[in-house]
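Numbering-wise, the sequence shown is residues 682 to 932 according to this note's numbering. Beta carbons are placed, not taken as given, at the ideal position from N, Cα and C, and that holds for glycine.
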Amino acid sequence: MKEEELLRKRLIELANKAFTQNIYTYTHFLNEYEQSIYQEMQKELSFADSHLEGGHEYFTRAVAVFGSEEMFGYQGEIPLACARISPVFDKYAEKLSHRDYLGAMMHLGIERHQLGDILLDEKDAYVFCFAHIGKLLEEQLLKVKHTQVSVQLVIWEESGWEQKFKEKEGFVASMRLDVLISMAFGLSRKTSSQLIQKQRVFVNGKLLMGGDDKRRANDVISVRGYGKFKIGELGKKSKKGRQLVKLHIFQ
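Next up, the structure:
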């Protein structure tokens, strides 16, 4: 609770600073729960334009930015960067996990809140971070586990990386949140409901507490410990009233 109160206070401070000094301000990288707090405070923060910036479309971790061109009359640059980590020798490269990359970076003294999402490709990893952290990675990150690596700052839009999905399609009794989570991850309704009650489920960046909440096409649902999925197109209902739905599960 104390950390939540400190975050709320910090968000107000940053909004006030942006408003009174006409400068862009921003937070550290916020996790999903912290982003949900930011979303809850939108009315309280409305005197200063703000948005979340994660570096790519389906971000999980993001920076809250206060200020806008409409508000100040100039476009500010948010000091975010994308670092591509590649093996020096493809032939000897290990298959590295998200945890491997994160561990190697934290071993350099980089704290988790200075890093955004880590996206994996077949052989490379893309890390969103603050610009000064990106430069540090370029200079000091030489190895991940036993694999020698090189780091290069890149323009994300030119990276060619594409989000991969696993498709699941089927009929559901309703568009309730717990029903969709059960379908996406092969869980029982009881387990899905418990995950919601334990505050481990976020819909479009907001923490949700009720499984009876009905969802719509294009909603993005994240379940801590299980993954993330997007609700795709809805098909026709069956004669018994069951809804045909397609889910896109992030890989």
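Extent of the continuous beta strand (DSSP E) run through residue i
i: L915; result: 908-918
i: S874; result: Element bounds for S874: not the beta strand (DSSP E) but the alpha helix (DSSP H), 870-878.
i: G851; result: 846-853
i: Y807; result: 806-811
i: L925; result: 924-931
i: F753; result: No beta strand (DSSP E) contains F753, which is instead part of the alpha helix (DSSP H) from 750-753.
Straight-line Cα distance separating residue j from residue i
i: Y719; j: K772; result: 45 Å
i: E838; j: K921; result: 46 Å
i: M890; j: V882; result: 8 Å
i: A696; j: E751; result: 15 Å
i: N703; j: E694; result: 13 Å
i: T828; j: F931; result: 26 Å
i: K895; j: E738; result: 24 Å
i: Q716; j: K824; result: 32 Å
i: N899; j: H788; result: 38 Å
i: A854; j: K776; result: 40 Å
i: E934; j: V884; result: Any property of residue 934 remains undetermined from this structure, which presents the chain solely from 682 to 932.
i: G916; j: S778; result: 36 Å
i: S642; j: R742; result: Outside the shown range of the chain (682 to 932) lies residue 642, about which nothing can therefore be said.
i: G638; j: E713; result: A query on residue 638 cannot be resolved here, the shown segment of the chain reaching from 682 to 932 and no further.
i: G757; j: R923; result: 49 Å
Which of helix, strand or coil DSSP assigns to residue i
i: R765; result: strand
i: H827; result: coil
i: D798; result: strand
i: I693; result: helix
i: H788; result: coil
i: Q702; result: helix
i: K921; result: coil
Proximity of residue i and residue j at Cβ, strictly below 7 Å
i: C763; j: Y807; result: yes
i: A865; j: F809; result: no
i: Y707; j: V769; result: no
i: D798; j: F846; result: no
i: G748; j: A699; result: yes
i: L761; j: K849; result: no
i: Q878; j: L888; result: no
i: I791; j: I814; result: yes
i: I759; j: E725; result: no
i: E843; j: V832; result: no
i: L876; j: V901; result: no
i: F852; j: L925; result: yes
Nearest-angstrom beta carbon gap, residue j and residue i [assumed within contact, 8 Å]
i: R689; j: M722; result: 7 Å
i: D893; j: S873; result: Actually they do not touch by this definition, with Cβ atoms about 12 Å apart.
i: L822; j: V830; result: 6 Å
i: Q795; j: H732; result: Wrong, their Cβ atoms sit about 20 Å apart, outside the cutoff.
Element boundaries [alpha helix (DSSP H), containing residue i]
i: Y719; result: 713-721
i: I862; result: 858-866
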